[in-house]
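Below is one structure, written out as structure tokens; comments come after it.
Protein chains: 2
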Amino acid sequence: MKGEIRQDITTGTWVIFAPGRGERPSDFPGGEPSSTRAADYDPDCPFCPGNEDQIPPILAETPSGDGPGWQTRVIPNKYPILSPDGGGRGRSEGFFPRLPNRGRHEIIIESPRHNLDLDQMDLPDLARVLETWRDRCRAIRSETPKLVPVIFRNRGPGAGTSLLHPHTQLIAAAVPPPRLIRREETARTYYQQRRSCLYCDLLAAEEAETSRTLPAGEGLAAFIPFAASGPFETWIIPRGHRPDFADTGSEEILRLAGTLREILLRLKRILGVFSYNLVLSPPFPSPDSRPFSHWHLRILPRLTTAAGFEFETGIPVNPNLPEEDAGRLRRGES
Amino acid sequence: MKGEIRQDITTGTWVIFAPGRGERPSDFPGGEPSSTRAADYDPDCPFCPGNEDQIPPILAETPSGDGPGWQTRVIPNKYPILSPDGGGRGRSEGFFPRLPNRGRHEIIIESPRHNLDLDQMDLPDLARVLETWRDRCRAIRSETPKLVPVIFRNRGPGAGTSLLHPHTQLIAAAVPPPRLIRREETARTYYQQRRSCLYCDLLAAEEAETSRTLPAGEGLAAFIPFAASGPFETWIIPRGHRPDFADTGSEEILRLAGTLREILLRLKRILGVFSYNLVLSPPFPSPDSRPFSHWHLRILPRLTTAAGFEFETGIPVNPNLPEEDAGRLRRGES
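Here you go:
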């Protein structure tokens with residue numbers, strides 16, 4: 027058994043690597059519904075064109091690159107987990123502290139086409155999706171500067187999505203997100219000790235090590251992190267110190283789109299159609315955290331199911347070694 | 027929208043309650059393979075009698091209550107995430123700290139019968155399973171006192187199990203589990219401030235509140251916690267201050283078995299066959315933590331899929347209100 031335990035220095039979390047686990051017998055062979063089998067248009071889909079009566083009023087829209095019509099649309103989530111008016115009682119009583127569920131929960135519809143995955147988009151269209159993320163970050167920041175927005179995308183049922191139509195979500199909460207705080211505090215401490223950005227230095231260390239790096243566009247780096255929390259977790263991160271995704275220019279976004287699409291395509295060649303989460307972090311540095319904030323995009327394929335051990339301990343178990351995952355991705359193995 | 031945000035005072039974690047989420051449309055209707063359809067015996071199952079050549083040497087066994095043969099068996103996991111000899115290099119280098127994967131990973135086979143769920147067992151048999159947990163705790167403690175053992179059970183593919191045959195797992199790790207530490211530190215701080223056990227006081231507060239309590243056997247309490255991290259999360263906890271599950275007597279375990287089976291049966295009437303994790307915490311108080319350690323058994327039905335938001339923030343989203351879940355369980359609704 028060639029496993030080991032590795033620490034993610036951006037969080038302090040230990041991750042158990044157990045490469046032999048993949049050989050276990052299983053009574054429950056998995057399977058992934060392929061979105062490519064779905065039609066271009068679904069008359070029952072609330073995000074498809076023509077079904078605007080099923081969605082809340084549109085907040086923003088970008089035009090399509092090829093002709094009339096829209097490409098991306100921003101709408102409030104019809105089934106929000108947080109809402110601007112903040113229902114709930116918010117009484118704090120002894121053992122039972124509570125807060126109103128104030129916040130925002132928006133959907134970014136990424137295409138009028140029902141069955142289009144990010145990896146199937148033309149680069150300008152994929153770039154337009156990422157620009158919509160950026161523009162929405164800016165809008166939320168100016169409208170509700172005290173909320174902490176999180177941008178994420180759930181692709182496939184294994185990643186927690188309920189709708190196939192391609193979309194990203196933006197949730198801006200008033201409660202402190204413990205993992206974001208932990209990452210920020212880790213980077214802050216590192217900065218106070220060394221006057222250097224943890225992510226700049228980590229990126230340099232990953233590139234010096236070389237065994238986990240992946241091809242990326244100009245000004246960007248991509249790698250499977252040393253302590254990846256699951257199989258094929260991949261980071262895309264700017265090479266220079268870039269605190270704030272909201273400042274990203276159009277050319278940089280086009281290169282990001284190219285790198286993202288290339289990695290998604292390589293993953294698909296290895297994994298087939300797969301469920302994944304896409305997370306942009308940190309979405310929103312405060313002015314004092316700019317010296318140690320460094321945005322990055324994480325692709326988190328959902329190939330394993332967290333079990334009782336992970337729930338109880340908070341220790342992820344990864345059956346794949348990052349060096350082997352990176353090697354397969356570099357070779358573009360199918 | 028009647029949602030709100032609640033804090034779990036045993037961890038400090040905020041949980042978002044979003045009752046409207048259950049009404050979302052879905053392109054991916056879920057389904058659960060029913061274990062009741064499987065046969066009593068599977069010739070390919072490594073845990074079925076007669077297939078002992080497929081498993082590592084047996085560590086312990088308890089006899090069956092009805093006649094010759096065994097009921098529970100303890101074996102090393104053939105595909106362990108940690109191993110006693112601790113492979114791995116364990117060099118700590120700058121950005122890439124690592125440790126050998128030293129520890130133990132055992133399986134407790136709960137019955138010779140391939141298709142028997144806990145809720146289908148006779149009470150003495152279910153009690154024998156829980157006694158095996160206790161006895162294994164004692165054995166691990168005396169053999170490897172520095173490891174932190176975690177006892178958990180994954181039922182169904184949605185809970186991360188790969189094998190149908192009923193079994194519990196025990197993992198004893200040398201790395202600090204962040205969630206266990208956080209819970210212990212929270213209880214320690216509470217004790218230092220009030221000279222009282224957080225869990226004793228929380229239990230009293232839940233019973234005074236009444237809206238989330240469930241029927242339980244003598245000396246035990248059961249409830250859906252105020253800040254349940256998911257639908258129908260249920261706690262079973264001794265009424266008196268009981269720091270250590272290893273000290274539990276046979277009569278108490280029989281009552282625990284009765285309460286556990288009754289709750290699982292009620293859950294099944296509402297949910298059908300469902301995936302769940304069962305976790306015993308804390309499994310192992312140190313001598314100095316006995317005043318504020320209080321064992322409890324948690325049933326965690328896996329009815330939702332964590333998505334990008336939960337991954338990134340560490341904030342669970344629960345689409346059910348605990349009071350409503352508890353009401354349904356009390357009424358025994360089908």
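Residue numbers (my numbering), protein chains in the order written: chain B, 27 to 360; chain A, 27 to 360. We treat Cβ as the ideally placed atom computed from N, Cα and C, and that holds for glycine. Given the structure is predicted, the values throughout are model-derived calculations rather than measurements.
Next on the checklist: Taking 8 Å as the threshold (beta carbon to beta carbon), is Tyr67 (chain A) in contact with chain B?
Outcome noted: no
Next on the checklist: Quick test of the definition: if touching needs 3 or more C-beta pairs under 8 Å, does the region 217 to 227 of chain B touch the region 191 to 202 of chain B?
Outcome noted: no
Checklist entry - Between the C-alpha atoms of Asp66 (chain A) and Glu78 (chain B), what's the straight-line distance to the nearest angstrom? => result 53 Å
Next on the checklist: Using only the alpha-carbon positions, how far apart do Arg179 (chain A) and Ser168 (chain A) sit?
Outcome noted: 23 Å
Next on the checklist: According to DSSP, is Ile133 (chain A) part of a helix, a strand, or is it coil?
Outcome noted: strand
Item to check | Gly48 (chain B) versus Phe73 (chain A) - alpha carbon distance | outcome: 19 Å
Checklist entry - Going along the chain, which residues of its own chain have a beta-carbon closer than 8 Å to the beta-carbon of Val41 (chain A), five neighbours each way excluded? => result Ile31, Arg32, Gln33, Asp34, Ala253, Ala254, Ser255, Ile341, Pro342, Val343 and Asn344
Checklist entry - Assuming His131 (chain B) contacts Pro150 (chain B) under a Cβ cut-off of 8 Å, what Cβ separation, rounded to an integer in Å, is found between them? => result Going by Cβ atoms, the distance from His131 (chain B) to Pro150 (chain B) rounds to 28 Å, so no, they are not a contact pair.
Item to check | Euclidean distance between Cα positions of Asp148 (chain A) and Leu326 (chain B) | outcome: 43 Å
Next on the checklist: Across the region 309 to 316 of chain A and the region 264 to 273 of chain A, are there enough close Cβ pairs to call them in contact, namely three or more that are closer than 8 Å?
Outcome noted: yes
Checklist entry - To the nearest whole angstrom, what separates the beta carbons of Trp159 (chain A) and Ile134 (chain A), a pair I think is in contact under 8 Å? => result 7 Å
Checklist entry - How would you list, in chain order, the residues of chain B whose beta-carbon sits under 9 Å from the beta-carbon of Val305 (chain A)? => result Gly334, Phe335, Phe337 and Glu338
Checklist entry - Straight-line CA distance for Thr286 (chain B) to Ala333 (chain B)? => result Looking at the sequence shown, residue 286 (chain B) is not Thr but Leu. When rounded, the distance between both Cα atoms is 29 Å.
Checklist entry - Can you list the residues of chain B that Ile197 (chain A) reaches, using a CB-CB cut of under 7 Å? => result Phe335
Checklist entry - Going by other Cβ atoms of all chains shown within 10 Å of its Cβ, with 16 needed for buried, is Glu277 (chain B) buried or exposed? => result exposed
Item to check | Anticipated Cβ contact below 8 Å, Leu189 (chain B) with Pro45 (chain A), distance rounded | outcome: The Cβ separation is near 19 Å, so there is no contact.
Next on the checklist: Against chain A, with Cβ distances strictly below 8 Å, would Asp351 (chain B) count as a contact?
Outcome noted: no
Next on the checklist: Using only the alpha-carbon positions, how far apart do Ser61 (chain B) and Gln80 (chain B) sit?
Outcome noted: Low confidence applies here, because Ser61 (chain B) scores a pLDDT of 49, under 50, leaving its location unreliable; read the following figure in that light. Cα to Cα, Ser61 (chain B) sits roughly 22 Å from Gln80 (chain B).
Item to check | Backbone CA spacing between Leu323 (chain A) and Pro89 (chain A) [nearest angstrom] | outcome: 25 Å
Item to check | the region 228 to 254 of chain B: positions lying closer than 7 Å to chain A by Cβ | outcome: Leu228, Ala231 and Phe252
Item to check | Of the listed residues B:Leu206, B:Asn346 and B:Leu156, nearest to Arg238 (chain B) (C-alpha basis) | outcome: B:Asn346
Checklist entry - Can you tell me the Cα-Cα spacing of Ile250 (chain A) and Glu259 (chain A), whole angstroms? => result 6 Å
Next on the checklist: Here's a check: name, in chain order, each residue in its chain whose Cβ is nearer than 8 Å to the Cβ of Ala352 (chain B), leaving out the five neighbours to either side.
Outcome noted: Ser237, Arg238, Thr239, Leu240, Phe249 and Ile250
Checklist entry - Which runs of the alpha helix (DSSP H), 4 residues or longer, sit entirely within the region 208 to 258 of chain B? => result 224 to 235
Next on the checklist: Taking the straight line between their C-alpha atoms, what separation do you get for Asn127 (chain B) and Glu232 (chain B)?
Outcome noted: 40 Å
Checklist entry - According to DSSP, is Asp351 (chain A) helix, strand or coil? => result helix
Next on the checklist: Whole angstroms are fine: how far does the CA of Ser118 (chain B) sit from the CA of Ala242 (chain B)?
Outcome noted: 49 Å
Checklist entry - Could you give the residue range of the beta strand (DSSP E) that holds Leu290 (chain B)? => result First-last for Leu290 (chain B): Ser276 to Leu297, but that is the alpha helix (DSSP H), not the beta strand (DSSP E).
Item to check | Whole-number beta carbon distance between Leu156 (chain B) and Leu282 (chain B), since they are thought to touch under 8 Å | outcome: 6 Å
Checklist entry - Where does Phe54 (chain B) sit, in a helix, a strand or coil, going by DSSP? => result coil
Next on the checklist: Determine, for Glu30 (chain A), whether the minimum Cβ-Cβ distance to residues of chain B falls below 8 Å.
Outcome noted: yes
Next on the checklist: 8 Å is my cut-off, CB to CB: does Val100 (chain A) come that close to chain B?
Outcome noted: no
Checklist entry - By a C-beta neighbour count over all protein chains shown, 10 Å radius and 16 as the cutoff for buried, is Leu291 (chain A) buried or exposed? => result exposed
Checklist entry - How is Ile101 (chain A) classed by DSSP in three states: helix, strand or coil? => result strand
Checklist entry - Where do the N-terminal and C-terminal ends of the beta strand (DSSP E) with Leu304 (chain A) fall, by residue? => result Tyr302 to Ser307
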